[in-house]
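Shown next, in structure tokens, is the structure this report addresses.
Number of protein chains: 2
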Amino acid sequence: MTATYSELIQIFSRINKLDHALVILSWDQMVMMPPAGVDSRSESLAELSVMRHELLSDSRVGELIDTCEAKGAELSDAQRRSVFEMRRTYDDASCLPADLVKAKVVAGSTCEHGWRSQRPENDWKGFLKNFETVVSLAKEEAAVRQAHSKASTAYDALLDLHCRGDSSELIDDVFGQLKAKLPSMIDDVIERQASVGNTDHEPEQGATYPVAEQTALSKALLNSLGFDFNAGRLDVSAHPFSTGVRGDQRITTRYDETTFLDALLATAHETGHASYEAGLPDAWQGLPVGQSRNMCIHESQSLMFEKMVTLSDAFLQHLHGLITQHLTGASNLNYDQLKTQARRVTKSYIRVEADELTYPIHVALRYDIERDLINGKLEAKDIPDAWNAAMLSGLGLSTEGNYTNGCMQDIHWTDGTFGYFPSYTLGAVNSAQLFESLCAAHTDWEERFAHGDITVVREWLSNAIWQHGCHLSSQDLMKQATGRGTDPSSLLNHLNHRYGR
Amino acid sequence: MTATYSELIQIFSRINKLDHALVILSWDQMVMMPPAGVDSRSESLAELSVMRHELLSDSRVGELIDTCEAKGAELSDAQRRSVFEMRRTYDDASCLPADLVKAKVVAGSTCEHGWRSQRPENDWKGFLKNFETVVSLAKEEAAVRQAHSKASTAYDALLDLHCRGDSSELIDDVFGQLKAKLPSMIDDVIERQASVGNTDHEPEQGATYPVAEQTALSKALLNSLGFDFNAGRLDVSAHPFSTGVRGDQRITTRYDETTFLDALLATAHETGHASYEAGLPDAWQGLPVGQSRNMCIHESQSLMFEKMVTLSDAFLQHLHGLITQHLTGASNLNYDQLKTQARRVTKSYIRVEADELTYPIHVALRYDIERDLINGKLEAKDIPDAWNAAMLSGLGLSTEGNYTNGCMQDIHWTDGTFGYFPSYTLGAVNSAQLFESLCAAHTDWEERFAHGDITVVREWLSNAIWQHGCHLSSQDLMKQATGRGTDPSSLLNHLNHRYGR
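Taken in sequence, the protein lines are chains R and U. Heads up: the first sequence begins at 0 in numbering that gives the first Met the number 0, then just goes up one per residue. Heads up: the second sequence begins at 0 in numbering that gives the first Met the number 0, then just goes up one per residue.
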């Protein structure tokens, strides 16, 4: 039995070392690679991915897992849980027919490529032609996965790839509660912010913030947030992201010399993702059970660092000091101005520009659409109408005829990624809930934050989340950390507290 | 037959895509990786190397090559040559027993690791203990390879890995001619340089050259040398090197703010290596026959760019303009001062600091020692005496008891790399010979160089060397380009011309 389990460990360890290469090559492509390198890089990445798939979906892996499952009593608890996650990983990789995988890649890449020009051209018709193939293949994939995993709906079978353990039933409930409260809260806050007439609190008009100064500021913030530059890097890319391998977490941001808050908050956000990855247990390194739980937990870590910590009143005091110290153009910025800028709520068309109050509305409408699409209750051609109706009811904005800033704004669906969007809001809900428990356990958190000391956050999260890998289900993880499963009341309390009267 | 050859192409193409990953991961390790990433990077590199070895040394590859060789008449000339190089690559990889490969890696890594502290401590005894194992395994390797390749001596079997096609018989002859002429030429030049009393021509004392200015200067030089930043990068690392993949050549240099010429010449040197790699034929991309010929040719390309082009009187005029334009601390430097600095000849203990006149003496003594060592005519323990004798007779310097700056100064032997050293001087010889032919074909070269235009060099080298991959043997390549095989008379003429009265 030990020999069988050891053989599995060896195979997954080899896969992990290929993953290492895939991670670094992909990072390099986004951050370092010169333009002419793209063809040979794509070919290398594709070949390594095929090799990875061959290793993982080899029938020998299935046989070894079968044996371990049959003789589970001879394994330790930790080993059984490890085998359970190996089974998931193996099934996810091996259950789809090779033809379908290939068709998906081709359709997704065609649709995404077309989208890059169709979006600016507001060309819904052109996009729809490619997108219908993507949807049709995604439904086919969902059917195969559902038959295999016994998921309750076709959509749940895809959701499981990104939000494993968080069902559409749970998510329906979360969004139901948020949609019942947020619209009126948003109107209320916007009205009050307008009535304050706080032009005095606006940052200086026309000020610029050189990239070199912003870079030094980002590094200072990273240091405050506990990012370890001995085991990581901060670089620049077109879109901020975080990735990494053991001992080497890499985050990126982007700088705009006319404004500084976006780059700073992107940095804080990615630090949350990176800290989770860096904090995963050494003992299960390279094994499925040693990986992050799911995207709802992952996003809760990034939003913890960005929204709960960095944007808290207390930490903003520390951040204000860092900003005035590093940015010549903001040397006269006062704390109230910073707070006004950081707390501005607006109804906008674009999800990625949304504040924490309106963000869930953007996500909820995408969730409703993709769930109904995969479950066969909505057709791709009807998405613009559904989008417009949801934007009107949620934020009072019409997107009729405006595909560019409506249903064509995101890249996610273009390559067939369905079941990912809800993780943004589940992450927000989890982060508020975790932060509530964390603050209850460390009542001096505000005093600490004001001095730029967030060690209690890192220690608490390490114990509550990071050190568990995916040994527990997402809901058990939340229950162990906060006493209850994912529940939007903490987020609503947080928003009321931060934005209410 | 076509199917057999195609299957080989597919296998070598897959190996090439793994090589892509190995190249970029290694570059990243030297240039980007944070310190804590070293363990997981080493593990990933080791695993990918094992996978590469498994793919290449698979018996199926041998069978396919056997079939192609047996039915060679059905292949085109180019395909036969391609199969010939596949055979070499396959045999090189598969002829050693796995136990020996593993023992070599362990002994080499132990010896190199020890050397890093033993060298500064002048600890020859400690080093020798590890090094004797390295030598013993290298002799074992040489014996296996010699039995397989029918090389004329054991040393030639190792030489063949780096300098394929250039035998120890040829190299003995080259060094014989150089050693007969260089010592008196060196004495002569040093005496003359001392008598000129050219302190007026020394650069300003105490001037500093900020890294940012030196970086801009290096990039300006790279542009003049035709380096394509759309298909490459320039970065900083502890030791300058060049590496790359298709469409993506990466070179590094290092900056010292108290001097600027070293970084600049390192940049020019690495540009030669990178240009050769970038100029290899597209048609054979990823195949053994599409790779560079050997290290003697590779080094001739780097020395062409560094010594023949950049240090020519004509190009120095252009370089002088770039230097005074970019370096505030050198804005008053005149052309004669630059030339004096660039042409200084000194007898020194250290190979990597040597000028082009004394460099061959350093290489010749290493060649003599490693050849005799592998052929069983010298024992490892007797190296210090042999080194001291050769330094005394070649440069009049004693290294008795001085291991740090004597026989322990280089990293090459520590991991068992024997047969590489001669490529430095064969490269110098080839570069002078190629340059002589190039200048004969383009008599206006000096006028062009003075304006920073070296397109004739790139075009001539592309036709003469780069586009041939390793379709021709090294000596046939030299004959086709210059009318004769490797012959030191051009180098001696060049040195006489540049440094003589």
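Beta carbons: idealized from backbone N, C-alpha and C, even for Gly.
Neighbourhood of residue i by C-beta distance below 7 Å, restricted to the same chain and skipping five residues each side
i, result
"N374 (chain U)", "T152, A153, Y154"
"I382 (chain U)", "I368, C406"
"G289 (chain U)", "L279, P280, W283, G468"
"H147 (chain R)", "D90, C94"
"H52 (chain U)", "A92"
"A480 (chain U)", "L433, S436, A463, I464"
"L260 (chain U)", "Q340, A341"
"V134 (chain R)", "L372, A379"
"N429 (chain U)", "C295, I296, S299, M477, T485"
"L310 (chain U)", "A341"
"C438 (chain R)", "W444"
"L181 (chain U)", "L356, P359, I360"
"T257 (chain U)", "T207"
"L160 (chain U)", "D91, G418"
Residues sharing a beta bridge with residue i, DSSP
i, result
"R232 (chain R)", "R:R249"
"D243 (chain U)", "Strictly speaking, residue 243 (chain U) in this sequence is Gly, with Asp absent from that position. According to DSSP, which records beta bridges pairwise, G243 (chain U) is partnered with U:Q248."
"D255 (chain R)", "R:T258"
Other residues of its chain near residue i: CB distance less than 8 Å, five sequence neighbours each side excluded
i, result
"L157 (chain R)", "A137, E140, A141, R144, I373, F417, G418"
"E363 (chain U)", "At residue 363 (chain U) the sequence reads Ala, which differs from the Glu that was named. Correct list, in chain order: F174, L177, K178, A389, G393, T424."
"S291 (chain R)", "Y275, E276, L279, H297, G468, C469"
"H441 (chain R)", "R447, V455, W459"
"Y516 (chain R)", "The requested residue 516 (chain R) is not part of the displayed model; chain R covers only 0 to 500."
"P119 (chain U)", "T403"
"E6 (chain R)", "L63"
Same chain, Cβ closer than 6 Å to residue i, five either side skipped, listed in chain order
i, result
"T398 (chain U)", "W386, N387, M390, G405"
"G328 (chain U)", "A206, T207, Y208"
"S223 (chain R)", "G451"
"F314 (chain U)", "V308, F448"
"Q466 (chain U)", "P280"
"S242 (chain U)", "For clarity, residue 242 (chain U) is Thr in the given sequence; the question names Ser instead. If we look at T242 (chain U) and ignore the five residues flanking it on each side, its Cβ neighbours are V22, W26, R249."
"I507 (chain R)", "Outside the modelled stretch of chain R, which goes from 0 to 500, sits residue 507 (chain R), for which no answer is possible."
"T502 (chain R)", "No statement about residue 502 (chain R) is possible, as the shown extent of chain R runs from 0 to 500 and does not include it."
"Q28 (chain R)", "R40"
"A265 (chain R)", "P239, T252"
CB contact below 9 Å: residue i versus chain B
i, result
"M85 (chain U)", "The question asks about chain B, but that chain is absent: this structure's protein chains are R and U."
> Fully enclosed by the region 303-362 of chain R, which alpha helix (DSSP H) runs are 4 residues long or longer?
Replying inline: 312-325, 334-341
>> What are the residues in the region 16-31 of chain U lying within 8 Å of chain R by C-beta distance?
In response: K16, L17, H19, A20, I23, L24, D27, M31
> Within the chosen definition, does the region 448-456 of chain U reach the region 266-273 of chain U through at least 3 CB pairs nearer than 8 Å?
Replying inline: no
>> To be precise: take each residue of the region 217-236 of chain R, compare its Cβ to all Cβ atoms of chain U, and keep it if any distance is under 8 Å. Which residues remain?
In response: D227, F228, N229, A230, G231, R232
> Can you find at least 3 beta carbon pairs, one from the region 122-132 of chain R and one from the region 62-80 of chain R, that sit closer than 8 Å?
Replying inline: no
> Do the region 32-50 of chain R and the region 427-440 of chain R touch if we need at least three Cβ pairs shorter than 8 Å?
Replying inline: no
> Using a beta-carbon distance cut-off of less than 9 Å, what residues from the region 35-47 of chain U approach chain R?
Replying inline: A35, G36, V37, D38, S39, R40, E42, S43, L44, A45, E46, L47
> Can at least three beta-carbon pairs, one atom from the region 351-360 of chain U and one from the region 180-194 of chain U, be found at a separation below 8 Å?
Replying inline: yes
>> Quick check for students: name the residue ranges of the alpha helix (DSSP H) that lie wholly in the region 432-457 of chain U, counting only runs of 4 or more.
In response: 444-449
>> Along the region 105-123 of chain U, where does the CB come closer than 7 Å to a CB of chain R? Name the residues.
In response: none
>> Against chain R, which members of the region 245-275 of chain U pass a CB distance test of less than 7 Å?
In response: R245, G246, D247
> Just by C-beta distance, which residues in the region 1-16 of chain R are closer than 7 Å to chain U?
Replying inline: R13, K16
> Unbroken alpha helix (DSSP H) runs of length 4 or more, entirely within the region 78-131 of chain U: which are they?
Replying inline: 97-117
> Fully enclosed by the region 14-80 of chain R, which alpha helix (DSSP H) runs are 4 residues long or longer?
Replying inline: 37-55, 58-69
> Taking only runs of the alpha helix (DSSP H) that begin and end inside the region 152-238 of chain R, which ones reach a length of at least 4 residues, in chain order?
Replying inline: 153-162, 167-195, 210-223
>> Can you pull out the residues from the region 379-399 of chain R whose beta carbon lies closer than 8 Å to at least one beta carbon of chain U?
In response: none
> Which runs of the alpha helix (DSSP H) spanning at least 4 residues fall entirely within the region 389-426 of chain U, listed in chain order?
Replying inline: none
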